[in-house]
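Using the numbering used here, you'd call the opening residue of the sequence shown number 1422 and step up by one each time.
Built from N, CA and C at the ideal position, the CB exists for glycine as well.
Keep in mind the model is a prediction, meaning the values are calculated, not measured.
First comes the structure, then the notes that go with it.
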Amino acid sequence: MKKLPSVRVILMTIITIIFTNMFLTYDNSETNNKKEFNNTEAIVYLNKKYEVSSISNIEISSNIIELESKNVVADVLINKVDNSDIYPEYTPIVYDGMTLYELGDKLDNSLKSTLSGQGNTIALYSIKYGVDPYMATAIMLHETGCSSGKCSTLTTKCFNVGGMKGGPSCGNGSYKKFNSLEDGIESFMRNLSNNYIKKGLTTPETINTKYAASTTWAHQVNNYIYKIQNS
């Protein structure tokens, strides 16, 4: 008669099978959880096709949009911990020799009142929409009055940072109300991009006649640009 395996052997076999299945399940779970990039992966992804020295605003813009389409949080590039300190080779230069984080930090030097701390948001959306960040910030400072330390009611109550008109109305006037400050900033950048930059109006002088009635508007905006550059 053929000898049957002992109880001990059977138990060891069962235990081995159980642990093997547990390991495979855990391994598959870890693989499935990697649907979104972590900070390092996102930075590598953003910069994988370009040399840091040759990267342009347009390339950054298109890739930020691509990152967003993959459910990657766009502000991975402007994390409070400057990514350039950790992975300098993967942190692209986006404007004036600065990374997105550094640009936001520089813009913050000129922002007060309601706009205080919004440098990163301004930097992100200006690059995304291909707008000069210094000029955009300068226009915002001029239109909102925030440079004096007290923003206009249009900004504090309705998050309108560029004197934009339309609906829904801010109060009963012709100026537009936005749901949040970030919404107002992005809409302002989109407006500059679509109605001015893409039509060849890229400087305060060329924007002046269409944007504002005052003939000194461009001069005042240029003064703000100078202050931002040297902040």
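Roughly how many angstroms lie between the CA atoms of Ile-1514 and Thr-1542, to the nearest whole one?
17 Å
Just to confirm my understanding: we take Ser-1534, look at its own chain, exclude 5 residues before and 5 after, and list those with CB closer than 6 Å. What are they?
Cys-1567, Gly-1570, Lys-1571 and Cys-1572
Among residues of its own chain, excluding the 5 on either side of Glu-1607, which ones have a beta-carbon nearer than 6 Å to its beta-carbon?
Once the five neighbours on either side are set aside, the close Cβ partners of Glu-1607 are Tyr-1546.
Does the stretch 1544–1563 come into contact with the stretch 1524–1532, if we say contact requires no fewer than three beta-carbon pairs (one atom in each stretch) closer than 8 Å?
Result yes; three or more Cβ-Cβ pairs closer than 8 Å.
Tell me whether the stretch 1574–1581 and the stretch 1594–1606 touch, counting them as touching only if at least three CB pairs, one residue from each stretch, are closer than 8 Å.
yes
The alpha helix (DSSP H) spanning Thr-1576 covers which residue range?
1574–1579
Determine the closest residue to Gly-1605 out of Ala-1557, Lys-1631 and Ser-1531, with distance taken between C-alpha atoms.
Answer by Cα proximity: Ala-1557.
Buried or exposed: Tyr-1516, going by 16 or more other Cβ atoms within 10 Å of its Cβ?
Buried is the call here.
Pull up the CB-CB distance for Leu-1528 and Tyr-1645, whole angstroms please, since I reckon it's below 8 Å.
Incorrect: roughly 12 Å between the Cβ atoms, too far for contact.
To the nearest angstrom, how far is it from the Cα of Lys-1648 to the Cα of Leu-1532?
11 Å
Leaving out five residues before and five after Gly-1588 in sequence, what residues of the same chain have Cβ atoms less than 7 Å from its Cβ?
Lys-1597
Do Pro-1625 and Asn-1643 have their CB atoms nearer than 8 Å?
yes
So for Tyr-1617, helix, strand or coil by DSSP?
Reduced to three states, the DSSP call for Tyr-1617 is coil.
Distance check for Ala-1559 and Thr-1576, CA to CA, integer angstroms please.
The straight-line gap from Cα to Cα measures roughly 15 Å.
By a C-beta neighbour count over all protein chains shown, 10 Å radius and 16 as the cutoff for buried, is Asn-1593 buried or exposed?
exposed
Give the single residue among Glu-1603, Cys-1591, Ser-1590 and Thr-1512 whose Cα lies nearest to the Cα of Ser-1537.
Glu-1603
Can you tell me which residues form a DSSP beta bridge with Lys-1586?
Tyr-1596
Under 8 Å between the Cβ atoms of Ser-1614 and Val-1552?
yes
In angstroms, rounded to a whole number, what distance separates the CA positions of Thr-1637 and Cys-1591?
27 Å
When the Cα atoms are used, what is the spatial distance from His-1640 to Gln-1539?
24 Å
Is DSSP giving Tyr-1516 helix, strand or coil here?
strand
Out of Gln-1650, Glu-1564, Ser-1595 and Tyr-1555, which one is the CA nearest neighbour of Tyr-1632?
Glu-1564
Starting from Asn-1643, trace the alpha helix (DSSP H) in both directions and tell me its first and last residue.
1638–1650
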